[in-house]
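Before any comments, here is the structure.
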Amino acid sequence: MSTIAPQFRLSRFIASLFDLIFWVLLIFSLVGLPIVFIVLFYIKLPVINGQFMTPYLALTWMADPSRTLPIVKSFMHTTIFRVMAFPGFGFAALLAAATIFVERKFLAKIQLRVGPLYCGKIEGILQLMGDGFKLMSKEIIIPAKADKPIFWVGPLLFVGTAGAFVSLIPVAPGWVVANPNVGLLAVFAVIGFFPIIAVLTAWAANSKWTFIGGLRALHQMVAFEIPLILSLLGVVILSGSLNLSNIVESQEHFWWITFLPIGAIVFFITILAELERVPFDLPEAESEIVAGWLTEFSGMMYGLIQLGTYLKLYAFAGLFTVLFLGGWNGPMVWPPFPQDIITHGITIGPVTAKFPGLPLFDQDMLNGTLWFVIKTVGVILLILLPRGVFPRVRIDMILHTGWYKLIGLAFVNIFIALGLLYAGVLGPGGLLH
Amino acid sequence: MVDSVFLALSVLTIGSAIVALEIRSLIYGSIALMLTLSGVAGFFLLLDAPFVAMFQLSVYVGSIAVLILFTVMLVRRDLIFNKVEDKRRRYAGIGLMIVLMLGIGTIIIGSGLKTMDTHSSAVDYKKIGEDFLTYYSPALIVMALILASSIIGAMTLARREDVINDQRAD
Numbered sequence: 001m002s003t004i005a006p007q008f009r010l011s012r013f014i015a016s017l018f019d020l021i022f023w024v025l026l027i028f029s030l031v032g033l034p035i036v037f038i039v040l041f042y043i044k045l046p047v048i049n050g051q052f053m054t055p056y057l058a059l060t061w062m063a064d065p066s067r068t069l070p071i072v073k074s075f076m077h078t079t080i081f082r083v084m085a086f087p088g089f090g091f092a093a094l095l096a097a098a099t100i101f102v103e104r105k106f107l108a109k110i111q112l113r114v115g116p117l118y119c120g121k122i123e124g125i126l127q128l129m130g131d132g133f134k135l136m137s138k139e140i141i142i143p144a145k146a147d148k149p150i151f152w153v154g155p156l157l158f159v160g161t162a163g164a165f166v167s168l169i170p171v172a173p174g175w176v177v178a179n180p181n182v183g184l185l186a187v188f189a190v191i192g193f194f195p196i197i198a199v200l201t202a203w204a205a206n207s208k209w210t211f212i213g214g215l216r217a218l219h220q221m222v223a224f225e226i227p228l229i230l231s232l233l234g235v236v237i238l239s240g241s242l243n244l245s246n247i248v249e250s251q252e253h254f255w256w257i258t259f260l261p262i263g264a265i266v267f268f269i270t271i272l273a274e275l276e277r278v279p280f281d282l283p284e285a286e287s288e289i290v291a292g293w294l295t296e297f298s299g300m301m302y303g304l305i306q307l308g309t310y311l312k313l314y315a316f317a318g319l320f321t322v323l324f325l326g327g328w329n330g331p332m333v334w335p336p337f338p339q340d341i342i343t344h345g346i347t348i349g350p351v352t353a354k355f356p357g358l359p360l361f362d363q364d365m366l367n368g369t370l371w372f373v374i375k376t377v378g379v380i381l382l383i384l385l386p387r388g389v390f391p392r393v394r395i396d397m398i399l400h401t402g403w404y405k406l407i408g409l410a411f412v413n414i415f416i417a418l419g420l421l422y423a424g425v426l427g428p429g430g431l432l433h
Numbered sequence: 434m435v436d437s438v439f440l441a442l443s444v445l446t447i448g449s450a451i452v453a454l455e456i457r458s459l460i461y462g463s464i465a466l467m468l469t470l471s472g473v474a475g476f477f478l479l480l481d482a483p484f485v486a487m488f489q490l491s492v493y494v495g496s497i498a499v500l501i502l503f504t505v506m507l508v509r510r511d512l513i514f515n516k517v518e519d520k521r522r523r524y525a526g527i528g529l530m531i532v533l534m535l536g537i538g539t540i541i542i543g544s545g546l547k548t549m550d551t552h553s554s555a556v557d558y559k560k561i562g563e564d565f566l567t568y569y570s571p572a573l574i575v576m577a578l579i580l581a582s583s584i585i586g587a588m589t590l591a592r593r594e595d596v597i598n599d600q601r602a603d
């Protein structure tokens, strides 16, 4: 007969509890408190309403909802908020997660199926959450002969690179994580990392399916990087800048797709190839090589790769929007914030509550974000559409398309842009600028 | 801040360069080479030359390192490499490197680079482009001709005569 704890004694149990409390207190006072003080020493705290913000004051204000808003507002203008929440990772991950669900429903509707239906009662809306929990709870299996360091680091690097790509996309005027002068070149540099990660993880898994898939990914991505870069040069020539925010501002009156439709089409096709989507999904062709270079991933490692893939999809769609569809430009449809609330506060019956610093976001930013999201979602749906319609293409056809036809079309596009520039129609100092 | 970043980048670049030379596994060697090239890109960023840094990343890490990786993965290494273990060669290489570094160092220190203005603003990439098209245009034309001829040469070499027309993709 076995029991869970054969020699259980209450006194020992209580003694062990005290022991635990002692060690926690000791470690907290020796290590935790110094860390807290060091962090507080280095963090730059803002001055709000003429008062220097200390953590103690912040905690006091948090209890009063009318004083919480300035703290929240000052937090929203910090770099950490931009990286983690709004134009950065959180926003992109939200759109990416929505994309995964919409893709499943959208494909199902195209093929006259129902798609996810039961989870969450209404049209299977909680399916994604269920899938996420499933992935997190699954075991991570590493193949016995795999090269473990590279295999472990691969998914993290993939998500990191996709996050770096996301950070370069401007969402609304002034709302961008990284705004370098050479933003488009930074995009090219980041894109160049994806094939390396694909082929390294494929090699590290030590399986023939992954290796074939990785080599295909490498072939395809390297071949399509060149038309991708060339097709965007027309935009650079016409807008006279490599900064993505400046490129958006240059499209205030005309979207570049109206003048450079060939470049837009070439860029769209290269997006499909870079994202390994149908009809160019040879690196993960399910019916031929199991799942290509993703074959050996399981559990949350696969989840990270999926997250990275969809972040990349959002980033490419956002890049298309920024370069060809005018980014955040659009008619002002967002209603202005009611002035009464700013001046008089909200009156409910006898109580009047004043909220200092209430318009958390200004109208331009909200309107810009709305238009950016509408356009980006449109581009994402266009990227998803071929998956329900087209069959897979042969590898030599892909490479032939990339090396011969798309590069030729990209040069035609550059010549159109140069013609418009030298005719004095567009570009810096042009007629329509 | 800049000093510590410079030190960290130097350690990363030189350390991964040594690893790239010394490690047994070819794949890890090429990864270390990528790290070296990325470290050089980091130096360019420190020197206020983001244009060059981005090209360093996209050309060297994104293309040349990929090419090396591709070659290493596809070719059986017994066929192209034969092991020559010679201690004296290594010491000779290290000695040659030290002599070279000392020579270049004395030249640089003696050349008056110390009087360089370190507080000038970063050069705009538009200025680089203007200079290329005006003062340095002969160099640009020569580079363009060299690149075009090498591309044509590569296409001529890679062209296959044995493929039957039916098998072509178009």
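Read top to bottom, the protein sequences are chains A and B.
Numbering-wise, the first sequence is residues 1 to 433 according to the working numbering.
Numbering-wise, the second sequence is residues 434 to 603 according to the working numbering.
Heads up, the beta-carbon is just placed ideally off N, CA and C, and yes, glycines get one too.
* To do: Pull up the DSSP beta-bridge partners for residue 52/A, would you.
  => 47/A
* Asked: At least one CB of chain B closer than 8 Å to the CB of residue 196/A: is that the case?
  -> yes
* Asked: Taking the C-alpha atoms as reference points, what is the distance between residue 530/B and residue 451/B?
  -> 13 Å
* the region 440-451 of chain B: positions lying closer than 8 Å to chain A by Cβ -> none
* **Where residue 490/B meets chain A, residues with beta-carbon distance less than 9 Å** => 185, 186, 188, 189, 190, 192, 193
* **Given 8 Å, three or more beta-carbon pairs between the region 315-324 of chain A and the region 277-293 of chain A** => Cβ pair count under 8 Å is below three, so no.
* **CB contact flag (residue 292/A, residue 203/A, <8 Å)** => no
* To do: Please classify residue 584/B: is it buried, with 16 or more other beta-carbons within 10 angstroms of its beta-carbon, or exposed?
  => The residue is exposed, with fewer than 16 neighbouring Cβ atoms inside 10 Å.
* Asked: Just reading off the beta strand (DSSP E) that residue 445/A is part of, what are its end residues?
  -> Limits of chain A in this structure are 1 at one end and 433 at the other, which puts residue 445/A out of reach.
* To do: Please confirm whether residue 237/A and residue 412/A have their CB atoms less than 8 Å apart.
  => no
* By Cβ distance, which residues of its chain are closer than 8 Å to residue 436/A, with the 5 residues on each side in sequence left out? -> Residue 436/A cannot be examined here, being either before or after the span of chain A that is shown, 1 to 433.
* Only counting runs of 4 or more residues, tell me where the alpha helix (DSSP H) segments fall wholly within the region 464-546 of chain B, in order along the chain. => 483-488, 498-507, 510-513, 520-543
* Please indicate yes or no: does the CB of residue 248/A lie closer than 7 Å to some heavy atom of the ligand ATP? => This structure lacks the ligand ATP; in fact it carries no ligand of any kind.
* To do: Kindly indicate if chain B contains any beta-carbon less than 8 Å away from that of residue 218/A.
  => True, the Cβ-Cβ gap to chain B drops below 8 Å.
* To do: Use the C-beta contact count for residue 79/A: other C-beta atoms within 10 angstroms, 16 or more gives buried, fewer gives exposed.
  => exposed
* Asked: Whose C-beta lies closer than 8 Å to the C-beta of residue 557/B among residues of the same chain, with five residues either side of it excluded?
  -> none
* residue 181/A touches chain B at which residues, Cβ-Cβ below 9 Å? -> Around residue 181/A, the beta-carbon contacts reaching into chain B at under 9 Å are 483, 484, 555, 557, 558.
* Name the two residues that bound the continuous beta strand (DSSP E) containing residue 161/A. => Careful: residue 161/A lies outside any beta strand (DSSP E), inside the alpha helix (DSSP H) at 148-166.
* Asked: In its own chain, which residues sit with a C-beta less than 7 Å from the C-beta of residue 61/A, not counting the 5 before and 5 after it?
  -> 67, 68, 71
* Counting Cβ pairs, one atom from each stretch, are 3 or more of them under 8 Å apart for the region 304-313 of chain A and the region 247-266 of chain A? -> no
* Asked: Going by alpha carbons, who is nearest to residue 480/B out of 569/B, 576/B, 555/B?
  -> 555/B
* Asked: Hey, does residue 503/B have any beta-carbon neighbour from chain A nearer than 8 Å?
  -> By the rule that beta-carbons nearer than 8 Å mark a contact, residue 503/B touches chain A.
* Give the straight-line distance between the Cα atoms of residue 473/B and residue 486/B, rounded to the nearest whole angstrom. => 8 Å
* Asked: Between which two residues does the alpha helix (DSSP H) harbouring residue 343/A extend?
  -> Taken as a continuous stretch (DSSP letters only), the alpha helix (DSSP H) holding residue 343/A covers 339-343.
* Asked: Quick one, which residues of the region 285-319 of chain A are near chain B if we go by CB-CB under 9 Å, in chain order?
  -> Per Cβ criterion, the list is empty.
* Asked: If residue 268/A sits next to residue 393/A, beta carbons under 8 Å apart, how far is it from one beta carbon to the other, in whole angstroms?
  -> About 15 Å; that fails the 8 Å criterion.
* Quick one: residues in its chain with C-beta nearer than 6 Å to the C-beta of residue 505/B, no 5 flanking neighbours on either side, listed in chain order? => 459, 463
* Spatial neighbours of residue 82/A within its chain, please: CB distance less than 6 Å, with the 5 preceding and 5 following residues excluded, ordered by chain position. => 88, 177
* To do: Could you tell me the distance, in whole angstroms, from the CA atom of residue 564/B to the CA atom of residue 522/B?
  => In this model, residue 564/B and residue 522/B are separated by some 45 Å (Cα to Cα).
* Can you tell me which of 274/A, 185/A, 155/A, 24/A puts its alpha carbon nearest to the alpha carbon of residue 169/A? => Residue 169/A has its Cα closest to that of 185/A, out of 274/A, 185/A, 155/A, 24/A.
* So what does residue 347/A bridge to, in DSSP terms? -> Beta-bridge pairing links residue 347/A to 352/A.
* Using the rule of at least 16 other Cβ atoms within 10 Å of the residue's Cβ for burial, across every protein chain shown, is residue 13/A buried or exposed? -> exposed
* Asked: Is it the case that the Cβ atoms of residue 183/A and residue 230/A are separated by a distance below 8 Å?
  -> no
* Counting along the chain, where does the alpha helix (DSSP H) carrying residue 569/B start and finish? -> Unbroken run through residue 569/B: none, as it is neither H nor E.
* Quick one: grab the DSSP three-state call for residue 285/A. => coil
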